[in-house]
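Asker:
Protein chains: 2
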Amino acid sequence: MKYISSAKKWNGWGHADKRFPLNKLNPDFLKILSTLLEKKEFQASPSTGWKDISIPDTRLSPAQIKYLRKISAVSRVSTNKFDRIVHSRGRSLPDLICLRSGVIDEFPDAIVYPVSRTEIAGILDFAQKHKMAVIPYGGGSSVVGGVNSIKLKKQNGILVVNMERMNRMQEIDETSMTATFECGISGPDVELALNPSGYTLGHFPQSFEFSTLGGWLAARGAGYFSGVYGKAENMLVCCSMVTVQGILQTRDVPAPSEGPDLNQLIVGSEGTLGIIAEATVKIHRLEKKINHKAWLFPDYHTGILVLRRLRQVGIRLHMARLSDPEETRYFSQMNNKNEQGGRNTVLRLQKKILFLFGYKSPVVMLTVGEPGQYYWIKKKNIFNKIKYISLGEKPVTDWFASRYELPYLRDELLNVGIAADTFETSVLWSRLEKLRDGIYSAVQKVEKKTAIKYLLMSHVSHAYETGAALYFTIIYPLSTEPLEQWGIMKKAVTDAILKHGGALSHHHGIGTDHLPMLKQENDVTYFFLQSLKKDLDPEGILNPGKLV
Amino acid sequence: MKYISSAKKWNGWGHADKRFPLNKLNPDFLKILSTLLEKKEFQASPSTGWKDISIPDTRLSPAQIKYLRKISAVSRVSTNKFDRIVHSRGRSLPDLICLRSGVIDEFPDAIVYPVSRTEIAGILDFAQKHKMAVIPYGGGSSVVGGVNSIKLKKQNGILVVNMERMNRMQEIDETSMTATFECGISGPDVELALNPSGYTLGHFPQSFEFSTLGGWLAARGAGYFSGVYGKAENMLVCCSMVTVQGILQTRDVPAPSEGPDLNQLIVGSEGTLGIIAEATVKIHRLEKKINHKAWLFPDYHTGILVLRRLRQVGIRLHMARLSDPEETRYFSQMNNKNEQGGRNTVLRLQKKILFLFGYKSPVVMLTVGEPGQYYWIKKKNIFNKIKYISLGEKPVTDWFASRYELPYLRDELLNVGIAADTFETSVLWSRLEKLRDGIYSAVQKVEKKTAIKYLLMSHVSHAYETGAALYFTIIYPLSTEPLEQWGIMKKAVTDAILKHGGALSHHHGIGTDHLPMLKQENDVTYFFLQSLKKDLDPEGILNPGKLV
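Protein chains in written order, with my numbering: chain A, 1 to 548; chain B, 549 to 1096.
#1: Among A/I377, A/K533, A/D421 and A/G271, whose alpha-carbon lies nearest the alpha-carbon of A/I510?
#2: Using a Cβ distance threshold of 8 Å, determine whether the region 268–285 of chain A contacts the region 184–201 of chain A, with at least three qualifying pairs required.
#3: Go ahead and pull the three-state DSSP assignment for A/D173.
#4: Name the two residues that bound the continuous alpha helix (DSSP H) containing A/K293.
#5: Between the alpha carbons of B/C731 and B/S759, how many angstroms are there, rounded?
#6: Less than 8 Å between the C-beta atoms of A/D589 and A/T79, yes or no?
#7: Sort A/Y464, A/H506 and A/T450 by Cα distance to A/I488 and report the nearest one.
#8: From the DSSP output, in three-state form, read off A/M241 for me.
#9: Ordered along the chain, which non-local residues of its own chain (more than five positions away) have a Cβ less than 7 Å from that of B/G794?
#10: In chain A, which residues lie less than 8 Å from B/P804 when you measure between Cβ atoms?
#11: Does the Cβ of A/A279 have 16 or more other Cβ atoms within 10 Å, making it buried, or fewer, making it exposed?
#12: Skipping 5 residues on each side, what residues in its chain have a beta carbon closer than 7 Å to that of A/H373?
#13: Cα-Cα, which of B/K908, B/Q676, B/D959 and B/M867 is closest to B/Q612?
#14: Closer than 8 Å between beta carbons: that is the criterion. Which residues of the region 241–265 of chain A meet it against chain B?
#15: I need the straight-line Cα distance from A/G501 to B/K556, nearest angstrom please.
#16: Which chain A residues sit within Cβ distance under 8 Å of B/S689?
#17: Alpha carbon to alpha carbon, how far is A/W13 from A/L30? Give it in angstroms, no decimals.
#18: Using only alpha-carbon positions, find the residue among B/F845, B/V634, B/L584 and B/D643 that is nearest to B/W1034.
#19: Please give the ranges of any beta strand (DSSP E) in the region 719–783 of chain B, keeping only runs that are unbroken, at least 3 residues long and fully inside the region.
#20: Identify whether A/A401 lies in helix, strand or coil by the three-state DSSP scheme.
#21: Given this structure, state the Cα-to-Cα distance separating A/G545 from A/L413, to the nearest angstrom.
#22: By the 10 Å Cβ neighbour count, where 16 or more other Cβ atoms means buried, how is B/S697 classified, buried or exposed?
#23: May I ask you to list, following chain order, the residues of the region 168–196 of chain A that have a beta carbon less than 9 Å from some beta carbon of chain E?
#24: Would you please verify whether the beta carbon of A/K491 is less than 8 Å from any beta carbon of chain B?
#25: Between B/E874 and chain A, is there a C-beta pair that is closer than 8 Å?
#26: Which value, in whole angstroms, describes the spacing of the CA atoms of A/G259 and A/Y359?
#27: If I'm right that A/A503 touches A/T425 with Cβ under 8 Å, what's the distance once you round it to whole angstroms?
#28: Step through the CB atoms of chain B and report whether any lies within less than 8 Å of the CB of A/E539.
#29: Please confirm if A/S531 has its CB atom under 8 Å from at least one CB of chain B.
#30: Compute the distance between the beta-carbons of A/V363 and A/Y300, then report whether it is under 8 Å.
#31: Listed in chain order, which residues of the region 288–299 of chain A have Cβ atoms closer than 7 Å to some Cβ of chain B?
#32: Indicate the three-state DSSP secondary structure (helix, strand or coil) for A/E326 in the structure shown.
#33: According to DSSP, simplified to helix, strand and coil, what is B/I659?
#34: Determine the burial state of A/I185: buried for a count of at least 16 other Cβ atoms within 10 Å of its Cβ, exposed for fewer.
#35: Give me the Cβ distance between B/I494 and B/I601, rounded to the nearest whole Å; I'm assuming they're in contact under 8 Å.
#36: Distance, Cα to Cα, A/L25 vs A/W399?
Given below as structure tokens:
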């Protein structure tokens, strides 16, 4: 019953044999992008081959390797070059830049694949004894440096604990609507285990195929449909975390009043306090029918107003995704599928009549909901005094069909010398529009400073009672110093996010990339984290260089 | 605009001038109770007068009092006898037994009424310097010993920080639907501040009139309508807590992924890490109309099934309260209002036809919801294959009318020698019925051992996706050793709760009463708490003897 993931790319996103050709959606893709980036030619930057990367010998002695193979199994300890390269980095833009160039500071000395909590505990004991860093590894899809090979100076090596063999469903409680899993289980395996009984976990991040339950919990992840099914912090009922001090098991009681909520302390701990080994999560009945709808609004402010109204009257939409004018324009230009030869609805409408009717900076909202919800939307006067055009369901079904594919495009773009990155935040509704403006301004300043054109767009990805999550995509020509170039952009947008009261992250986490800003801006979190870290992992062996 | 609370009882519940006469609902109340408790006469146990209580002099020197009056104000430091007695205890059954008998171990040496975070910080500095215990005090309505005067051996005295003068709304953000309050604000004052703008916090615990926002947060409290508006942990957006180390301000970003959720660490900390001084909470639109409904089901299992279905299909009921057969029977016997002279619907139906129709152990469910929800209940087949009788809205409106009054009854019962206590838990649906049975068995064992009849009843008070909260009422004749007697009962029921996988508490908290069981059963929570406590309050001045 297990989902068999085909071999993954060592230096890019997803399945090794899968590509997203630049002209897939539009034969003129690169031409249009060239116009938008105001640059005629790009400097191609093909990847090096993994065999050409020079990698130091493992720092583990033969006796140490033998010992690890005794506490797990011979086949569950790898020191081979390919594995060590693949596990050295996650899948952020800087990670891909490093992997593709072959310039990598640190490699893990071994990858261990435990099958039980006892084995994990054994690995932690070993690491503690031999002063090794331990990096918990789920699907390796972190885009913030959450699994990068880093060790403290005093440490003698790096062990990656790849959880992929802890992938079973252990129990399902259909009365309480919970299921218990080993945390190395991947998205598809979770659904394969639940769907036959009529249930779903409902957690569908873009990394769904390649990420794990443990990773989602460790990073407080979100999926496309978290609006109804909840983020990682909402899905967790209880869990068992293997720490240096022993195994911590939280309780499964609903909404307790027995001190602070420890589950909420573990969710988001990013492998720095322990390794989340097993978890009981809420499950949901598979929906018999969901409805897709897309609307066009005259401007961003109106779109935000509708989305906010929807959420604040408590309407349960599986998804509510609102593109800003820049993203709406980008997709209407790009989604000109050559196999169909036609122009899509948005583009046609836009060109012919929109401007005349006051749709000067139109925005598109995609939603997915139960049929009955749309009855409520009318009843609750959500569209009261709102100008809108219903676009039917096609824009949503199109989006659905390609929702796991866009990250593949990033690899193709890198080949031709173009960088694509994403960043995200969450913020109160009252600050949302200013925050978005602030990020556009910050990027404009970077453009002036660096004389490089950045193509920026965003959408609201999740709506809450008090605010929303904003997801940004940024595309720009790679310079000859791509890491430094990325760092300048990253600092500018993160400073703008914090200045306008946004979260450092809504669902990607802190990792290495946001750590300097966490230290600087959120001294409270930092104080608490350090306090816990000191007691739970006094030697600092767990995922050094991330979060705390 | 402030809600003026009349003087409160020093030795009982609520307003000093308010009583709930034993014959209010039924002229035969005591006669019926006597039959149920299988005891003809009770030993009357009137309260002592507060003036007759002997109380030691304050341990604060005149210089210390003068200093405290300088950092706050002369009128904001009290050492008078009445205040010291009132603030020595909360409102648990053991608290009332102690207050009424005048046998109290410890009294606070002074009560300070700060008006700002700066003043609170000054008080903590003072306490730190002079080795004093500091007890944060909201409305003083804790029923688990959460505000009891306790100090460590090494400490020289006890200061109570009564937050009642920090009672203002500071800001309202109607876009984000949040409001910021000083945390000493009482329930009525919160609503008085919000209602004129069309908003509500929606938090209505039984202690509503006498408890504070800070207290709700500190104890992870729940209100009757938390099913829709959320428990304390759900209402909190961000807060500012004054600690010995300084003021900690959490962030207001929605659903962040920037490490563990510190708000969830502060909620439930019961004043042991710091004093929650200001908080931003979610607000909600005042409902235009809510519907009341009551149903009768043939037995407990059926009632539970309906409630679980309602919750698991995501129906937003403000309240869903399901009495077990024992509670249903008790209320149908007792609610025979003499002013109306008639028998209520339940009782009549029950006597005449119910038994014949298979309602052998009937249970009543009360609900409050938006009109539209009842459309959904039909549509979702909640009542599919379920036998039920609709009782209309009267049982709910009756309950509404008296929902804040029942605690007054406890004082009247104590006068005549009868104890009434409540305890509560939460548990997965799959364990709920066994847990309830287990508690009834545990109490039966106590009955055998002590040769005292205990009248026990319960209702489901809150329903969650994975489980529910159970609220028990226990009534019994007071013995001559009432504290010891209570301790035996408390231990028996708490052991049964833990044995069957229930929470030590769903909304009352840990306080002193559940502390021994927390230490024993939940070593993980305890380890985390100690770790935080050590760093945040190394001298242990904050609320000693509670939670950690």
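For each residue, glycine too, the CB sits at the ideal point set by N, CA and C.
Answerer: Quick look at the numbers:
#1: Counting from 1 along the first sequence, the entry for residue 510 of chain A is found at position 510. Looking at the Cα atoms, A/G271 is the closest of the given residues.
#2: Verdict: yes, contact present.
#3: As a first step, residue 173 of chain A must be located in the first sequence, where it is residue number 173. The answer is strand: DSSP assigns A/D173 an E or B state.
#4: As a working note, residue 293 of chain A is residue 293 in the first sequence. Per DSSP, A/K293 lies in no alpha helix (DSSP H); the unbroken beta strand (DSSP E) holding it starts and ends at N291 to F297.
#5: The sequence position of residue 731 of chain B within the second sequence is 183, counting from 1. The sequence position of residue 759 of chain B within the second sequence is 211, counting from 1. Their Cα atoms are separated by approximately 10 Å.
#6: Because chain A is modelled from 1 through 548, residue 589 of chain A falls outside the range shown and cannot be assessed.
#7: As a position in the first sequence, residue 488 of chain A is number 488, starting the count at 1. Answer by Cα proximity: A/T450.
#8: As a working note, residue 241 of chain A is residue 241 in the first sequence. Three-state result, A/M241: strand.
#9: Here residue 794 of chain B refers to the residue found at position 246 when the second sequence is read from its first residue. Closer than 7 Å at Cβ, skipping near neighbours: no residue.
#10: Residue 804 of chain B sits at position 256 when you count from the first residue of the second sequence. Ordered by position in chain A, the residues that pass the 8 Å Cβ test against B/P804 are R220, S426, A503, L504, S505 and H506.
#11: Taking the first residue of the first sequence as position 1, residue 279 of chain A is located at position 279. Its Cβ being crowded by 16 or more others within 10 Å, A/A279 is buried.
#12: Taking the first residue of the first sequence as 1, we reach residue 373 of chain A at position 373. Per the sequence shown, residue 373 of chain A should be read as Gln rather than His. Closer than 7 Å at the Cβ level, and outside the excluded window around A/Q373, lie I315, R316 and L317.
#13: Here residue 612 of chain B refers to the residue found at position 64 of the second sequence. That would be B/Q676, whose Cα lies nearest to the Cα of B/Q612.
#14: Per Cβ criterion, the list reads Q245, L248, Q249, T250, R251, D252, V253, P254, A255, P256, S257, E258, G259, P260, D261, L262, Q264 and L265.
#15: Reading the first sequence from its first residue, position 501 is the one you call residue 501 of chain A. Reading the second sequence from its first residue, position 8 is the one you call residue 556 of chain B. Computed Cα separation, rounded: 42 Å.
#16: What you label residue 689 of chain B is simply residue 141 of the second sequence in a count that begins at 1. By Cβ distance, chain A contributes nothing, its closest Cβ being about 14 Å from B/S689, past 8 Å.
#17: Here the question's residue 30 of chain A lines up with position 30 in the first sequence. Here the question's residue 13 of chain A lines up with position 13 in the first sequence. Straight-line measurement puts the Cα of A/W13 at about 20 Å from the Cα of A/L30.
#18: To locate residue 1034 of chain B, count along the second sequence from 1; it is residue 486. Of the candidates B/F845, B/V634, B/L584 and B/D643, the one whose C-alpha sits nearest the C-alpha of B/W1034 is B/D643.
#19: If we require 3 residues or more, the beta strand (DSSP E) runs fully inside the region 719–783 of chain B come out as 726–730.
#20: Taking the first sequence and counting its residues from 1, one reaches residue 401 of chain A at position 401. Helix, per DSSP.
#21: Numbered from 1 along the first sequence, position 545 holds the residue referred to as residue 545 of chain A. Numbered from 1 along the first sequence, position 413 holds the residue referred to as residue 413 of chain A. Each residue's CA atom was taken as its position, placing A/G545 and A/L413 some 30 Å apart.
#22: The residue you call residue 697 of chain B lines up with position 149 of the second sequence. Looking at its Cβ environment, which holds 16 or more other Cβ atoms inside 10 Å, B/S697 is buried.
#23: In the structure shown, chain E cannot be found, because the protein chains are A and B.
#24: As a working note, residue 491 of chain A is residue 491 in the first sequence. Not closer than 8 Å to any Cβ of chain B, the Cβ of A/K491 fails to qualify, so no.
#25: As a first step, residue 874 of chain B is located in the second sequence; it is residue number 326 there, counting from the start. Residue-level contact by beta carbon fails for B/E874 and chain A, as no gap is shorter than 8 Å.
#26: Taking the first sequence and counting its residues from 1, the one referred to as residue 259 of chain A is at position 259. Taking the first sequence and counting its residues from 1, the one referred to as residue 359 of chain A is at position 359. Going by the C-alpha atoms only, they are around 52 Å apart.
#27: Against the first sequence, residue 503 of chain A aligns to sequence position 503. Against the first sequence, residue 425 of chain A aligns to sequence position 425. Going by Cβ atoms, the distance from A/A503 to A/T425 rounds to 5 Å, so yes, they are a contact pair.
#28: Start at 1 with the first residue of the first sequence, and residue 539 of chain A comes out as number 539. Contact with chain B is absent for A/E539, since none of that chain's Cβ atoms lies less than 8 Å from the residue's Cβ.
#29: Residue 531 of chain A sits at position 531 when you count from the first residue of the first sequence. For A/S531, the answer is yes, since a Cβ of chain B falls inside 8 Å of its Cβ.
#30: Indexing the first sequence from 1 puts residue 363 of chain A at position 363. Indexing the first sequence from 1 puts residue 300 of chain A at position 300. Yes; because the gap between Cβ atoms is below 8 Å, this pair is in contact.
#31: Within the region 288–299 of chain A, no residue has a Cβ that lies closer than 7 Å to any Cβ of chain B.
#32: Residue mapping note: residue 326 of chain A aligns to position 326 of the first sequence, counting from 1. Three-state result, A/E326: helix.
#33: By 1-based counting over the second sequence, the position of residue 659 of chain B is 111. In the three-state reduction of the DSSP assignment, B/I659 falls in the strand class.
#34: Taking the first sequence and counting its residues from 1, one reaches residue 185 of chain A at position 185. Classification of A/I185: buried, given that the 10 Å Cβ count is 16 or more.
#35: In this structure chain B extends from 549 to 1096, so residue 494 of chain B is not present and cannot be described.
#36: The residue labelled residue 25 of chain A in the question sits at position 25 within the first sequence. The residue labelled residue 399 of chain A in the question sits at position 399 within the first sequence. Each residue's alpha carbon lies about 12 Å from the other.
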